[in-house]
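UniProt numbering applies: residue 1 is where the sequence shown begins, and numbers increase by one.
Ideal Cβ placement from N, Cα and C applies to all residues, glycine included.
Keep in mind the model is a prediction, meaning the values are calculated, not measured.
Below is one structure, written out as structure tokens; the observations come after it.
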Amino acid sequence: MWKFILRRIVVMIPQLFILSVLIFVLAKAMPGDALTGQLENNPKMDMQTLMEIKEKLGLNDPLYVQYTRWINHLLHGDLGLSYIHQQPVIDILAERIGNTVMLAVCILVLTYLIAIPLGVISGRWNHSWADKLIVGYSYTSFATPLFIFAVMMLFLFGFTLGWFPTGGSVDIQLEQGTAAYYINKMHHLILPSLSGALIGTVGLIQYLRSEIIETKMKDFVKTARAKGVPESRIYSRHILRSSFIPIAAFLGYEITGLIGGSIFLESIFSFPGIGQLFLQSIMQRDYSVVTVLVMISGVATLVGTLLSDIILSIVDPRIRIE
Numbered sequence: 001m002w003k004f005i006l007r008r009i010v011v012m013i014p015q016l017f018i019l020s021v022l023i024f025v026l027a028k029a030m031p032g033d034a035l036t037g038q039l040e041n042n043p044k045m046d047m048q049t050l051m052e053i054k055e056k057l058g059l060n061d062p063l064y065v066q067y068t069r070w071i072n073h074l075l076h077g078d079l080g081l082s083y084i085h086q087q088p089v090i091d092i093l094a095e096r097i098g099n100t101v102m103l104a105v106c107i108l109v110l111t112y113l114i115a116i117p118l119g120v121i122s123g124r125w126n127h128s129w130a131d132k133l134i135v136g137y138s139y140t141s142f143a144t145p146l147f148i149f150a151v152m153m154l155f156l157f158g159f160t161l162g163w164f165p166t167g168g169s170v171d172i173q174l175e176q177g178t179a180a181y182y183i184n185k186m187h188h189l190i191l192p193s194l195s196g197a198l199i200g201t202v203g204l205i206q207y208l209r210s211e212i213i214e215t216k217m218k219d220f221v222k223t224a225r226a227k228g229v230p231e232s233r234i235y236s237r238h239i240l241r242s243s244f245i246p247i248a249a250f251l252g253y254e255i256t257g258l259i260g261g262s263i264f265l266e267s268i269f270s271f272p273g274i275g276q277l278f279l280q281s282i283m284q285r286d287y288s289v290v291t292v293l294v295m296i297s298g299v300a301t302l303v304g305t306l307l308s309d310i311i312l313s314i315v316d317p318r319i320r321i322e
């Protein structure tokens, strides 16, 4: 196990290098930059001043020099300066990454709490009326884009019924650290978390249903029934244990997928996280922030893949990755 983890970490090093090169090159290939945007929005800034600022910041250096400087700063914890916010990128991330992590954790917990019972019911009593309802819900969710569903949830439960806040992560008048502050923060999390979870359950429900239906037709299950083993024990000891193994392995991939989904959710619900920051930075051409966020997303993808393999080898003792 430890050899496998160490080997995967070593393999990740060239992957991260290639990823960093691609991110840097694509960022440089995009039209304009934050300084160009300042020139358009600030009539007092002329082209000469703009060129002097670019020269001072090293933006006119060869690409390989800029890349080496960028990587060196990243390795030393310097994520650069946001030209739009006029703040270090690491300070901007520190203000927002906690909200994104909380939102991702809530979505993940709700997704599994909803998907596992529905998947078990649908697989155990397939072709029943309950199974048809669950499959219908899955197909409807699969066909509904996340951003459309989130807008519908916001309109119904936020604006129409007024049950939940329509934006932000907490009411600004509350004092941080108090019980009311954290309760209000959770109140703001419910609607975006539920929106993401109800759409995110589709794959888990269908996969768990298929695994249960396939497993209960296997020979070892038929043998257990022939020996008179109670049906409840057959499901708890054989069918569900075998069917849950791939579901557990999906955990790492689910964590990775939440990063992409948070862009839509945070934008629609005006939730101040790194997903909303990513979209704003693209619109404002603040590429120093964009490159860091894409790099974080790439690292999370690699770590999520590694985590999935580790979980898979832990939950099933028969699987040993050496």
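Query                                                                                               : Result
Sequence-distant residues of its chain with Cβ nearer than 6 Å to Val-289 (five each side left out) : Ser-82, Val-89 and Ser-281
Backbone secondary structure at Pro-14 - three-state DSSP                                           : helix
Contact check, residue 323 vs Ser-128, beta carbons under 8 Å                                       : Residue 323 is absent from the structure shown; the chain starts at 1 and stops at 322.
Phe-24 to Tyr-67 span [Cα, whole Å]                                                                 : 7 Å
Distance CB(residue 327)-CB(Ile-212) smaller than 8 Å                                               : Here the chain covers residues 1 to 322 and nothing more, so residue 327 does not appear.
Where the alpha helix (DSSP H) through Gly-196 begins and ends                                      : 179 to 215
Start and end residues, alpha helix (DSSP H) containing Pro-117                                     : 89 to 124
Where Leu-81 falls: helix, strand or coil (DSSP)                                                    : strand
Alpha carbon of residue 323 to alpha carbon of Phe-278, nearest angstrom                            : Since the displayed the chain opens at 1 and closes at 322, residue 323 lies outside it and no answer follows.
Contact under 8 Å by Cβ, Phe-269 with Leu-154                                                       : yes
Buried or exposed by the 16-neighbour rule on C-beta atoms within 10 Å, applied to Pro-165          : buried
C-alpha distance - Leu-79 paired with Ile-274, whole-angstrom precision                             : 15 Å
Enclosing alpha helix (DSSP H) for Thr-144 [first to last residue]                                  : Neither: Thr-144 is in no alpha helix (DSSP H) and is coded neither H nor E.
Residue span of the alpha helix (DSSP H) that contains Val-229, given as start and end              : Note, Val-229: premise wrong, no alpha helix (DSSP H); not H, not E.
Straight-line gap, Arg-8 to Phe-264 (C-alpha atoms, nearest Å)                                      : 32 Å
Top-ranked residue by Cα proximity to Leu-103, from Met-217, Ile-84, Ser-195 and Val-292            : Ser-195
Glu-175 to Arg-285 span [Cα, whole Å]                                                               : 34 Å
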